[in-house]
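**Student:** Here you go, one structure.
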């Protein structure tokens, strides 16, 4: 009996293994030791978490190296590094969202922020509100209107062009030379710097309508250059996964190709196309650089995209930070900038969420 | 007629890309014809564009040096390390990084990150000041090219992470299972069966990230307090093409406007070349991998 027990302990399969509870023990002791060390130099939660993680990883790797050998230790080290990198990648996300929330909520809750413009809000007004301690005047209504209108026009331009191109690529192109060229150029277009798209629109309209033409429509054209490739790629993917049987069944009933596409292919893929378009809108609504060079900086509400400067949320953030309304008291401007940033993030997140909902709600019902 | 419309839309895209190039060239031409003394800086277009091209490259290099290892590790975590059920959700979280508008990153970098980095920069200047890259005196505001590079890294990270994750997920399952069955640890399996398969994909993801980092405007325009080209990363100085355009174009007129458009043309050509190489690698890769 006794010999059997020792036999089992020396078995090649179980020899030299750390017991299963080791990582838990190491984790607990790492947290405790880190807390003790931190209390010596001054406690803060962030340093404590980092120190615990480092201690845990080191102790885990070293103990594995001593007992289980070098290969297992390398594996543990790789796991720690990879998991650590993921946590490091989360830091800026948490930090950005936290910063925007802390700085943006007071401004966003200020009465009138959502339904007044910056019209008539001058440095003197800001100085007065700081000196008297009254709420900050001025708001983002004009920028919100501008962002919505410019993005709307960009969508009106991009969706037909993008969708038709995707239809050409999937239904008509059949991987011929021209469709390969288009696919390649669309990929390349995805990488055009946004500022260059803005310069293109500015240069284009400067040639047609004279230099210095800055309207919401120019900005919409600039955004379309950025939006079209996104729409093409996502619609193309969606059209590709429509089963060929559906098309063939339709042809067999004598339906023409264009009617098949409109009545069979697109309705099947509409959920994916709609969610792709929503994601594309979410991408361009936050673009700043092209608007800086095409739409100008307006402080008043402008409902007409074809004439006059137009404000937008991103440019409002930019101008309020770079050139505060009142250079001596920049706090009101900073507050408005962060509030606009929070508003913009909320818009983008809602669009992203909407895209997922659309994809789920309108998804074609499969037989299974 | 419908097929004609579809073809027309495709042709329009080709036309737009050529139009972008054409209009930039036409509007940039006056710069090249102007006398050297009239160009900003007074010594011709080349000596005007050279420092900001180098500044652009410095910022993009910093961004990639940080974002590549972290991005690849994040991709590995979501594809091979995280528990199956969590992996999708964690992927979304990383994609959220891409959803935040660039101007918000810029504002965050300028107001929060820069002030947090003042201390470390001072330390670098005191202790590693003999390396030209960390030559002092350190910036008092933290608004340096290194800060801009870090903000760019955060913006590039989700691109690299999501593209490489796709590649990692396509790595042949049979090879991975074979490696595990032969007794390889998880890391050995990844090194033998996943990374060699994904090499081309990682390179092209990094190139696409480079394209984004080169052209990103707002992070640099808001974060960097610009100046002439200097070697030190922790002093205010340097400038990138995109930020130069964003800062100066709204007030520019006449020759200055043409000059900035010429700078934009240079940026366009650089990113075009980078993107074409990246796409070429991806396409070559997809032909023999059987992916897509």
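Protein chains in written order, with the numbering used here: chain A, 1 to 368; chain B, 1 to 292. Heads up, the beta-carbon is just placed ideally off N, CA and C, and yes, glycines get one too. All values derive from a computational prediction rather than experimental measurement.
Please report whether the beta-carbon of residue 186 (chain B) lies at a distance below 9 Å from any beta-carbon of chain A.
**Tutor:** Yes, because at least one Cβ of chain A sits closer than 9 Å to the Cβ of residue 186 (chain B).
**Student:** Against chain B, with Cβ distances strictly below 9 Å, would residue 20 (chain A) count as a contact?
**Tutor:** So, not an interface residue.
**Student:** Just checking: is the beta-carbon of residue 295 (chain B) within a distance shorter than 9 Å of some beta-carbon in chain A?
**Tutor:** With chain B represented from 1 up to 292, any question about residue 295 (chain B) goes unanswered, as that position is not in the structure.
**Student:** Is any beta-carbon of chain B found at less than 9 Å from that of residue 271 (chain A)?
**Tutor:** Not closer than 9 Å to any Cβ of chain B, the Cβ of residue 271 (chain A) fails to qualify, so no.
**Student:** Looking at the unbroken alpha helix (DSSP H) that takes in residue 31 (chain B), where does it start and where does it end?
**Tutor:** Unbroken alpha helix (DSSP H) run through residue 31 (chain B): 2 to 33.
**Student:** What residues from the segment 290 to 319 of chain A come within 8 Å of chain B, judged by C-beta to C-beta, listed N to C?
**Tutor:** So the close ones are 292, 293, 296, 297, 314, 317, 318.
**Student:** Starting from residue 108 (chain B), find everything on chain A with Cβ-Cβ shorter than 9 Å and list it in chain order.
**Tutor:** Within chain A, the residues near residue 108 (chain B) are 92, 95, 96, 99, 100, 341.
**Student:** Between residue 78 (chain B) and chain A, is any beta-carbon pair separated by less than 9 Å?
**Tutor:** Yes, because at least one Cβ of chain A sits closer than 9 Å to the Cβ of residue 78 (chain B).
**Student:** Could you run through the segment 50 to 80 of chain A and flag, in chain order, every residue whose CB is less than 9 Å away from some CB of chain B?
**Tutor:** Listed in sequence order: 71, 72, 74, 75, 76, 77, 78, 79.
**Student:** So if I threshold CB-CB distances at 8 Å, which residues from the segment 322 to 341 of chain A count as touching chain B?
**Tutor:** For the segment 322 to 341 of chain A, which is checked against every Cβ of chain B, the residues closer than 8 Å are 322, 334, 337, 338, 341.
**Student:** Strictly under 9 Å for the Cβ-Cβ distance: is residue 172 (chain B) near chain A by that measure?
**Tutor:** Not an interface residue.
**Student:** Could you say if the segment 79 to 94 of chain A and the segment 69 to 87 of chain B meet the contact criterion of at least three C-beta pairs nearer than 8 Å?
**Tutor:** With a cut-off of 8 Å, the segment 69 to 87 of chain B and the segment 79 to 94 of chain A count as touching, because enough Cβ pairs lie within range.
**Student:** Does the beta-carbon of residue 43 (chain B) have 16 or more other beta-carbons within 10 angstroms, so that it is buried, or is it exposed?
**Tutor:** Classification of residue 43 (chain B): exposed, given that the 10 Å Cβ count is below 16.
**Student:** Output needed for residue 158 (chain B): all residues of its chain with C-beta closer than 7 Å, excluding positions within five of it in sequence on either side, in chain order.
**Tutor:** For residue 158 (chain B), where only same-chain residues beyond five positions count, the Cβ hits under 7 Å are 94, 95, 97, 98.
**Student:** Taking the alpha helix (DSSP H) that residue 239 (chain B) belongs to, which residues open and close that run?
**Tutor:** Unbroken run through residue 239 (chain B): none, as it is neither H nor E.
**Student:** Got a sec: is the Cβ-Cβ distance from residue 27 (chain B) to anything in chain A below 9 Å?
**Tutor:** Yes, because at least one Cβ of chain A sits closer than 9 Å to the Cβ of residue 27 (chain B).
**Student:** Would residue 45 (chain B) pass as an interface residue toward chain A - the criterion being a Cβ-Cβ separation below 9 Å?
**Tutor:** Not one chain A Cβ lies under 9 Å of residue 45 (chain B).
**Student:** Who are the near neighbours of residue 130 (chain A) in its chain, counting only those whose CB is closer than 6 Å to its CB and skipping five residues on each side?
**Tutor:** Excluding positions up to five away in sequence, the list reads 329.
**Student:** By how many angstroms is the C-alpha of residue 105 (chain A) removed from the C-alpha of residue 198 (chain B)?
**Tutor:** Cα to Cα, the separation comes out at about 44 Å.
**Student:** Within 10 angstroms of its Cβ, does residue 142 (chain B) collect 16 or more other Cβ (buried), or is it exposed?
**Tutor:** Per the 10 Å Cβ criterion, buried.
**Student:** Since residue 194 (chain A) and residue 290 (chain A) should fall inside the 8 Å C-beta cutoff, what is the C-beta to C-beta distance between them, to a whole number of angstroms?
**Tutor:** That pair is a contact at about 5 Å.
**Student:** How about residue 240 (chain B) and residue 52 (chain B): do their beta carbons lie closer than 9 Å?
**Tutor:** Yes; because the gap between Cβ atoms is below 9 Å, this pair is in contact.
**Student:** Taking buried to mean at least 16 other C-beta atoms within 10 Å of its own C-beta, is residue 225 (chain A) buried or exposed?
**Tutor:** Burial call: buried.
**Student:** May I ask you to list, following chain order, the residues of the segment 135 to 158 of chain B that have a beta carbon less than 8 Å from some beta carbon of chain A?
**Tutor:** Hits within the stretch, in order: 154, 157.
**Student:** Between which two residues does the alpha helix (DSSP H) harbouring residue 103 (chain A) extend?
**Tutor:** Note, residue 103 (chain A): alpha helix (DSSP H), 70 to 109.
**Student:** Which residues in chain B sit within 7 Å of residue 82 (chain A), going by Cβ to Cβ distance?
**Tutor:** Near residue 82 (chain A) (Cβ distances below 7 Å), the residues of chain B are 73, 76, 77, 81.
**Student:** Could you tell me which of B:126, B:205, B:133 sits nearest to residue 163 (chain B), measuring between CA atoms?
**Tutor:** Of the listed residues, the one whose Cα sits closest to residue 163 (chain B) is B:205.
**Student:** Under 7 Å Cβ-Cβ, which residues of chain A neighbour residue 196 (chain B)?
**Tutor:** Within 7 Å Cβ-Cβ: nothing; residue 196 (chain B) doesn't reach chain A, min ~16 Å.
**Student:** Can you pull the chain A neighbours of residue 121 (chain B), defined as C-beta to C-beta under 8 Å?
**Tutor:** Going along chain A, no residue has its Cβ under 8 Å from residue 121 (chain B), so there is no contact; the nearest lies around 18 Å.
**Student:** Ordered along the chain, which non-local residues of its own chain (more than five positions away) have a Cβ less than 7 Å from that of residue 269 (chain A)?
**Tutor:** Cβ neighbours of residue 269 (chain A) beyond the five flanking positions: 238, 239, 242.
**Student:** Would you verify that the beta carbon of residue 199 (chain B) is, or is not, closer than 9 Å to some beta carbon of chain A?
**Tutor:** No, its Cβ sits nowhere closer than 9 Å to a Cβ of chain A.
**Student:** Take residue 133 (chain A) as the anchor and find which of A:140, A:125, A:139 has the nearest alpha-carbon.
**Tutor:** Per the Cα distances, A:125.
**Student:** First and last residue of the alpha helix (DSSP H) that includes residue 24 (chain A)?
**Tutor:** Where residue 24 (chain A) is concerned, the enclosing alpha helix (DSSP H) stretches over 22 to 41.
**Student:** Can you tell me whether residue 293 (chain B) is buried or exposed? The criterion is at least 16 other CB atoms within 10 Å of its CB, across all chains shown.
**Tutor:** Here chain B covers residues 1 to 292 and nothing more, so residue 293 (chain B) does not appear.
**Student:** Which same chain residues end up closer than 8 Å to residue 87 (chain B) when comparing Cβ atoms and leaving out the 5 residues on each side of it in sequence?
**Tutor:** Within the same chain, residue 87 (chain B) has close Cβ partners 78, 79.
**Student:** What three-state label does DSSP hand residue 254 (chain A) in the structure shown?
**Tutor:** Residue 254 (chain A): coil per DSSP, three-state reduction.
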